[in-house]
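Each protein sequence line maps, in turn, to chains A and B.
Under this note's numbering, the first residue of the first sequence is numbered 1, with each subsequent residue one higher.
Under this note's numbering, the first residue of the second sequence is numbered 1001, with each subsequent residue one higher.
Just so you know, even glycine gets a beta-carbon here, dropped at the ideal spot from N, CA and C.
Every value quoted in this text rests on a predicted model; they were computed, and no experiment measured them.
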Amino acid sequence: MAQTGTQKSTENAARVAVTAAGVVSPLGFGLAETFDSLWSARDCVTQVMRFSVTQCRCKTAGQVSDARLLASAAETPRSARLHRASHMMIEALRQVLTQRPEFEPELTVIGTTSGGMSYGERYYRSLKRPQNLRHAPTWIANYPAQKPVIDAHTAFGISAPCQVIANACASGTNAIGHAFECVRSGRYQRVLTGGYDALAEMVFVGFDSLQASTPEQCRPFDRHRSGMVLGEGAAVLALENLEVARQRGASVLAEIIGYGISTDNFHITQPEPSGIGARQAMEGALQNAHISASDVDYINAHGTGTVFNDAAEGKAISALFNGVPVSSTKSMMGHSLGAAGAIEAIVCLVALQHQFLPANINFASLDEDLDLNIVENETQPAVVSTTLSNSFGFGGTNAAVLMRKVPPSPRLSGQTEA
Amino acid sequence: MSLAIAGMGWVTPLGSGVDAVWEQLLAGKQASATTVSEEFADRVYSAFRVPESALKGISHPRLRRASAISRFAAAAGLHALESAGLKLDSQTAERIALIFAISNGGVIYTKRFYRDIVNTGAQAASPLLFPETVFNAPASHLAAILGLTGATYTLVGDGAVGLAAIKMADELMQNEALDYCLVVGTEEIDWLLCDAYRRWRLLRPAPPIEPYSEQNHGIILSEGAGAIVLARNGFVGIECAHSGGCFAKRAQAEEILKGILRDLGQAQIDFVISSANGTFIDRAESHALQEVVPNALVYTGKPALGESVGAGGLWQIILAAQALSTKEIPPVLHADHGVRLRLSLSRTPVPSARRAIVLSCGLNQQTAGLRLAIQ
């Protein structure tokens, strides 16, 4: 059974606003570029050049441009030593603080799976060629999973404590969910949350070895789907007590209203085939938000494009929801693992802001065993008030987050809100 | 806070079982160092490893191919549940959350998996090893063994991550649907890890760890796990979990630690379980302790047990809970007697001790604190 969040009565629980958001992903930098890519249903998956993929079945991934990433980085020796995951986190946080310069987090909760993995790879490879170990201390110091979070803090003078959640591919959604609970419980007023992961050879080869990744296009929920492609990126959201944010005149981009988490113990890499774990997480989120399935207007599915995930998730969605539009935006940008839930929360945010349904691209025909209303290949304008974002990971970790559009405050009706 | 320790489990280089390890610490014992080598390297390292006997009786199909880190965690977690008197059925399993604290993770299988890629190419990569390289593999194994279906989290950080996990447990236990939270810190040793810490200038070639020394000779790595069952009632209460903060430069650690001690030290503190381990941490901690809680007795278990990083915070909490309940503090081994701290230099009775602080300063910029009180 899923454990939903804080069981406080509705009148005691604080409402949780997203008051700023930053994102670096294959779709682009920032909310505007992300919207442009989503609106045009752009395929942002490209050939991997960062490391050799000649022996891999899969040769592609959603990738963030280094040139662009480093163009916005400070030109200092310290900056040059940082892992590119740190640069992604710094850029995402920079966007947040540009929108909300006054935001002072009391806590940061970030999801990841791999930290500075490629530095670990370099270190190991260099041990075989000892003359190349001059940079080893830099690689080692920048390898730990919490380092990109602390680097982003340091870049903007933040010293708040950080919790780094590594729940495999559910990490980003778990981070947002836990941050949401922290604000909702009233213990915190302002929490930064999100996720990051940078492409790494070991992880890429790992998914390839499982035959989870595809040599073809990623086509979630399609009858002929053959696997996932990896991605990378970072996303950061500023969460605040909604009433406090309104009182100080902050814009509210959206409200997070529910979170569900469950664990199924079926297999370390595969979901329980009936989708019970996924269903429990979604049910938990709905209960937590005190809404019904019919209130949800759009589901951003985990939708990796693997046979097993999409079958289990599809069954869970169709068991709970009746014809709600579903898409997996991983078809456009790949699966960014620990960042996925955070980037996909941003996708939901953009969908709420601009009132459209993001597309599930590369789609030809629905898996005949599934009963889903897929947003096929093209973006659709729509009235979107409430979104659900799913993330599931190795180890049977399942998470779901509900977000909704916030009507302008009646007391402060002159202020701008999304 | 309304959290308390209801059960504990301990797997260490001094063996397993809270009482058994505690007796050895009280007697001033130190774990035996073993040599850690690597086939492609000449250099060898010293580390404190868990003896195989410490895992006796721990078997489960999920652990058959699991790495040492998962087996340590399972053993400690099962011991903690047993000591809390918890027998899990499908109903109680729904009301338990699981939080893991990890720093380096499954480094043995990670290295093996990547070694095959480097030596032979991607086609040699093992699909059986890859899932064990993921940070949350140990948590997923224990969740499966226990049949837990609710919230499971793996937190990653430095030596302070164990205390961060307690703080997270406190946040989760706001949920009235939860009765218990099982918090597990776990770590395993590999040559690669020793080599990395040496290149980072934090590792010494051989024991002893000399805490509070001006020389900062470094750590000896160790492995194992610590587990704590948190409930709303128990034998030692957690009065306050302090999130601490992150320091950008090592020189800033002292000020953050002072802030933690000031916040936690508002009640009478009888002793502090410090994270001093023979590195820059010791100076920051000793200065902060001298200034904020100069009258408190101070103990660090790292010279006896080694630096177990992700498991270290849980080990510190177990030390504090044992000292509060047995009214004794073990001797700090190999300490610089010149340091201006009230160190527990011999087995020290503390018959009236009621409150303790656990202070943790990690090697990678994180800090945290905890105040415990006997019920």
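Quiz item: Closer than 8 Å, CB to CB, is Ala1253(B) near chain A or not?
Solution: Using beta-carbon distances, Ala1253(B) does not count as an interface residue toward chain A, since no partner is under 8 Å.
Quiz item: Should Val383(A) go down as buried or exposed, given a rule of 16 or more other Cβ atoms within 10 Å for buried?
Solution: exposed
Quiz item: How should Val350(A) be labelled, buried or exposed, when 16 other C-beta atoms within 10 angstroms of its C-beta is the threshold for buried?
Solution: buried
Exercise. Name, going along the chain, the residues of the segment 1300-1331 of chain B whose beta-carbon falls closer than 8 Å to a beta-carbon of chain A.
Key: Cβ contacts with chain A: none found.
Self-check item: Complete runs of the alpha helix (DSSP H) confined to the segment 1005-1033 of chain B [at least 4 residues]
Solution: 1018-1026
Exercise. Report the neighbours of Cys182(A) on chain B: residues whose CB is nearer than 7 Å to its CB, in chain order.
Key: Glu1171
Quiz item: With a cut-off of 8 Å, do at least 3 Cβ pairs link the segment 103-111 of chain A to the segment 173-191 of chain A?
Solution: yes
Quiz item: Going by DSSP, which residues form a beta bridge with Asp36(A)?
Solution: In the DSSP output, where bridge partners are listed per residue, Asp36(A) has none listed.
Quiz item: Roughly how far, in whole angstroms, is the beta-carbon of Thr112(A) from the beta-carbon of Asp197(A), given that I think they are within contact range, below 8 Å?
Solution: About 6 Å separates the Cβ atoms of Thr112(A) and Asp197(A), confirming a contact at the 8 Å cut-off.
Self-check item: Beta-carbon contacts of Tyr1153(B) that lie in its chain and below 6 Å, excluding the five residues immediately before and after
Solution: Ile1099
Quiz item: Looking at C-alpha atoms only, which residue of Asn167(A), Leu199(A), Leu210(A) is the closest neighbour of Leu1129(B)?
Solution: Among Asn167(A), Leu199(A), Leu210(A), the Cα nearest to that of Leu1129(B) is on Leu210(A).
Exercise. Under 8 Å between beta-carbons, which chain B residues line up against Thr113(A)? List them in chain order, please.
Key: Val1134, Phe1135
Quiz item: Applying a beta-carbon distance threshold of less than 8 Å, which residues of chain A neighbour Met1008(B)?
Solution: Within 8 Å Cβ-Cβ: nothing; Met1008(B) doesn't reach chain A, min ~23 Å.
Practice problem: For Thr263(A), return the contacting residues in chain B, with the cut-off set at a CB-CB distance below 7 Å. | Solution: For Thr263(A), the chain B residues whose C-beta falls within less than 7 Å of its own C-beta are Ala1143, Leu1148, Thr1149, Gly1150, Thr1152, listed in chain order.
Exercise. Name the residue from Ala339(A), Ala311(A), Lys330(A), His335(A) whose alpha carbon lies nearest to the alpha carbon of Asp367(A).
Key: Ala311(A)
Quiz prompt | Within 8 Å, strictly: CB atoms of Ala1059(B) and Glu1132(B) | solution = In the sequence on display, residue 1059(B) carries Ser and not Ala. No, these two residues do not count as a Cβ contact at 8 Å.
Quiz item: Can you find at least 3 beta carbon pairs, one from the segment 1080-1088 of chain B and one from the segment 1157-1172 of chain B, that sit closer than 8 Å?
Solution: no
Practice problem: Specify the secondary structure class of Thr6(A) as computed by DSSP and reduced to three states. | Solution: Summary for Thr6(A): the model assigns pLDDT 44, below 50, so the residue's position carries little reliability; its value from the coordinates is reported in the next sentence. Note: Thr6(A) maps to coil in three-state DSSP.
Quiz item: Taking the alpha carbon of Val1309(B) as the point to measure from, which residue in Glu1038(B), Tyr1114(B), Leu1155(B) has its own alpha carbon closest?
Solution: Leu1155(B)
Quiz item: Can you find a CB in chain B that lies within less than 8 Å of the CB of Ile150(A)?
Solution: yes
Quiz item: Can you give the Cα-Cα distance for His87(A) and Ala1320(B), rounded to whole angstroms?
Solution: 40 Å
Quiz item: Out of curiosity, what's the CA-to-CA distance linking Ala74(A) and Ala92(A)?
Solution: Each residue's alpha carbon lies about 14 Å from the other.
Practice problem: With 8 Å as the threshold, decide whether the Cβ of Val16(A) is near any Cβ in chain B. | Solution: At a cut-off of 8 Å between beta carbons, Val16(A) makes no contact with chain B.
Quiz item: In the DSSP assignment, what are the bridge partners of Thr1152(B)?
Solution: Thr1152(B) is bridged by DSSP to Leu1098(B).
Self-check item: Local conformation of Ala1225(B) per DSSP, three classes
Solution: strand
Quiz item: In three-state terms, what does DSSP make of Cys1194(B)?
Solution: Taken through DSSP and simplified to helix, strand or coil, Cys1194(B) comes out as helix.
Practice problem: Starting from the beta carbon of Ala160(A), find every residue of chain B whose beta carbon is closer than 9 Å, and list them in chain order. | Solution: Ser1243, Gly1245, Cys1246
Practice problem: Less than 8 Å between the CB atoms is what I'm expecting for Pro77(A) and Gly116(A), so what's the real figure, rounded? | Solution: Contact doesn't hold; Cβ gap of about 17 Å is too wide.
Exercise. Output the residue ranges of the alpha helix (DSSP H) runs that lie fully inside the segment 234-296 of chain A and measure 4 residues or longer, sorted by chain position.
Key: 242-247, 276-289
Quiz item: Tell me which same chain residues have a C-beta within less than 7 Å of the C-beta of Leu1257(B), skipping the five on either side of it?
Solution: Ala1284, Glu1285, Ala1288, Leu1359, Cys1361, Thr1367
Quiz item: Exposed or buried, what is Gln63(A) when buried is set at 16 or more other beta-carbons lying within 10 Å of its beta-carbon?
Solution: buried
Quiz prompt | DSSP state of Glu1039(B) mapped onto helix, strand, coil | solution = Glu1039(B) falls in the coil class under three-state DSSP.
Quiz item: For Arg225(A), which of Gly233(A), Glu232(A), Gly231(A), Glu216(A) has the nearest alpha-carbon?
Solution: Just measuring C-alpha positions, the residue of Gly233(A), Glu232(A), Gly231(A), Glu216(A) sitting nearest Arg225(A) is Glu216(A).
Quiz item: Given 8 Å as the limit, is there contact between the segment 1253-1272 of chain B and the segment 1180-1192 of chain B, that is, 3 or more CB pairs closer than that?
Solution: no
Quiz item: Given a threshold of 16 other Cβ atoms within 10 Å of its Cβ, counted over all protein chains shown, does Thr306(A) qualify as buried or as exposed?
Solution: buried
Exercise. Examine chain B for any beta-carbon lying closer than 8 Å to the beta-carbon of Ser9(A), and answer yes or no.
Key: At Ser9(A) the pLDDT is 47, less than 50, meaning the model places this residue with poor confidence and gives no usable figure here.
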